[in-house]
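> These protein sequence lines map, in sequence, to chains C and F. The numbers in the first sequence follow my numbering, run straight up by one, and end at 79. The numbers in the second sequence follow my numbering, run straight up by one, and end at 336. Quick reminder that beta carbons are idealized off the backbone N, C-alpha and C, glycines included. Starting off with a structure, shown below.
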Amino acid sequence: MIDITLNGRPHGLPETCTVAELVAEVTGRPLRADGRAVDGGGLGIAVARNAEVVPRSRWVDTAVAEGDSLEILGAAQGG
Amino acid sequence: MHRDALVIDGVSFDSRLFMGTGGAPSLSGLAHALTASGTELTTVAMRRHDSTSAGSLFGLVSDLGVRMLPNTAGCFTAREAVLTAELARDALETNWIKLEVIADDQTLLPDAFELLDATEQLVARGFVVFAYTNDDPALAVRLERLGVAAVMPLGAPIGTGLGILNPHNIALIVERSGVPVVLDAGIGTASDAALAMELGCDAVLLATAVTRAQDPARMASAFRHAVIAGRLAAEAGRIPRRDRARASSAMDGRPDL
């Protein structure tokens, strides 16, 4: 197991986990290799890793490492 | 009826009312209000994904077919705003961004220095920037020079419902702007939106005035009409103000009574 921070909270992950796998786990939506949902619907999600954007196209080949801080964001109500 | 469309970055809008999604107590209430407003553009914030929340705003707005304008609400620095814009671009697949960089959480007023810095960076990164700004004609000119797609001066601080505190400055901004001017923030009721349009604004953006009204869908409908009325009045050309009364009925032909 590795320990990361996910959206500000401690979170445990398997040794080898990609951003794509993490997003699929959090959203409950299986993803294709290009970071889009298998069901074809929009995902509306973006990921920052250690305060840098991980573009959707890179989710599948970006590994999450011990101590990483991940932010998984979506659209929320706001003016 | 003559209805000219507003065009921003090649996208044409028949409705000149942009509605924010903030402040609505429920997603279903928000959906009714958005529909009643007739809006074709709605703002959303970028926040941590919450897998426990029922329903998704992204799904709701997508289903309504309303274009999303992500914002950088809650950002205090250009660095945070640029990163938030990049995340919004990746999440929502739009390079449009409502740039909001506030100075403090008491006034929620834009920080001019950070705003200009962020604008410069975002324009260079290919964003279409809708700049939320103070009712400052000089700052509006600076933003236009940096390449914003629209300037969005506030009528009053966010969420106050105080209306348009400095109509003269708004009129000055409109008069000198080469890009669309969207009155943003401070709107309290329908007449405020009508006034914004009468002052020559190209559109109005509001959220709280609808979402926190006692009957949001009815208020949304009121704003829909107010924006149309204000626009028509601006185009029609109002009569000049006079100090003295001027009869509209002829004095000739009065009977001897």
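If I measure Cβ to Cβ from residue 297/F and keep anything under 8 angstroms in the same chain, skipping five residues before and after, which residues do I get?
Within the second sequence, residue 297/F is the residue found at index 218, counting from 1. The answer, listed in chain order, is 115.
> Mind listing which residues of the region 19-42 of chain C have their C-beta closer than 8 angstroms to chain F's C-betas, in chain order?
Correct list: 26, 27, 28, 41 and 42.
> Please report how far the alpha carbon of residue 310/F lies from the alpha carbon of residue 276/F, in whole angstroms.
For the purposes of this step, residue 310/F is taken as the residue at position 231 of the second sequence. For the purposes of this step, residue 276/F is taken as the residue at position 197 of the second sequence. Approximately 5 angstroms between the Cα atoms of the pair.
> Under DSSP, the beta strand (DSSP E) around residue 35/C begins and ends at which residues?
For the purposes of this step, residue 35/C is identified with residue 35 of the first sequence, where counting begins at 1. Residue 35/C -> no beta strand (DSSP E), and no H or E assigned at all.
> Does the Cβ of residue 34/C have 16 or more other Cβ atoms within 10 Å, making it buried, or fewer, making it exposed?
Numbered from its first residue, the first sequence carries residue 34/C at position 34. Flag for residue 34/C reads exposed.
> So, helix, strand or coil for residue 163/F, using DSSP?
As a first step, residue 163/F is located in the second sequence; it is residue number 84 there, counting from the start. Looking at residue 163/F - three-state DSSP - the assignment turns out to be helix.
> What are the start and end residues of each continuous beta strand (DSSP E) run of 3 or more residues lying completely inside the region 188-220 of chain F, in chain order?
The region 188-220 of chain F contains these whole beta strand (DSSP E) runs: 207-212.
> For my contact list, residue 2/C and residue 66/C are in at a C-beta cut-off of 8 angstroms; report their separation, rounded to the angstrom.
As a first step, residue 2/C is located in the first sequence; it is residue number 2 there, counting from the start. As a first step, residue 66/C is located in the first sequence; it is residue number 66 there, counting from the start. Yes, residue 2/C and residue 66/C are in contact; Cβ-Cβ is about 4 angstroms, under 8 angstroms.
> Just to confirm, does residue 253/F get its C-beta within under 7 angstroms of one of the non-hydrogen atoms of the ligand PLP?
As far as ligands go, the structure on display features none, and thus does not contain the ligand PLP.
> Could you tell me whether any Cβ in chain C is nearer than 8 angstroms to the Cβ of residue 295/F?
Here residue 295/F refers to the residue found at position 216 when the second sequence is read from its first residue. Chain C, which has no Cβ nearer than 8 angstroms to the Cβ of residue 295/F, makes this no.
> Can you name the residues of chain F whose CB is closer than 8 angstroms to the CB of residue 53/C?
For this step, residue 53/C is matched to residue 53 along the first sequence. Those are 162, 165, 166 and 169, listed as they occur along chain F.
> Start and end of the beta strand (DSSP E) containing residue 146/F?
Stepping through the second sequence from its first residue, residue 146/F is reached at position 67. Run containing residue 146/F: 146-149, per the beta strand (DSSP E) assignment.
> Closer than 6 angstroms by C-beta to residue 6/C: which residues in its own chain qualify, once you throw out the five before and the five after it? Chain order, please.
Your numbering for residue 6/C matches position 6 in the first sequence. Answer for residue 6/C: 70, listed in chain order.
> When you compare the CB of residue 48/C with every CB in chain F, is at least one pair closer than 8 angstroms?
For the purposes of this step, residue 48/C is identified with residue 48 of the first sequence, where counting begins at 1. Chain F contact via Cβ: present.
> Name the two residues that bound the continuous beta strand (DSSP E) containing residue 10/C.
Within the first sequence, residue 10/C is the residue found at index 10, counting from 1. 9-13 is the extent of the beta strand (DSSP E) around residue 10/C.
> Give every residue of the same chain whose Cβ lies closer than 7 angstroms to the Cβ of residue 313/F, excluding the five residues on either side of it in the sequence, and list them in chain order.
Counting from 1 along the second sequence, the entry for residue 313/F is found at position 234. Closer than 7 angstroms at the Cβ level, and outside the excluded window around residue 313/F, lie 276, 277 and 279.
> Checking contacts by CB at 8 angstroms: is residue 136/F closer than that to chain C?
Numbered from its first residue, the second sequence carries residue 136/F at position 57. Interface residue, yes.
> Provide the residue(s) that pair with residue 262/F in DSSP beta bridges, ordered along the chain.
By one-based count along the second sequence, residue 262/F stands at place 183. Note: residue 262/F sits in a beta bridge opposite 283/F.
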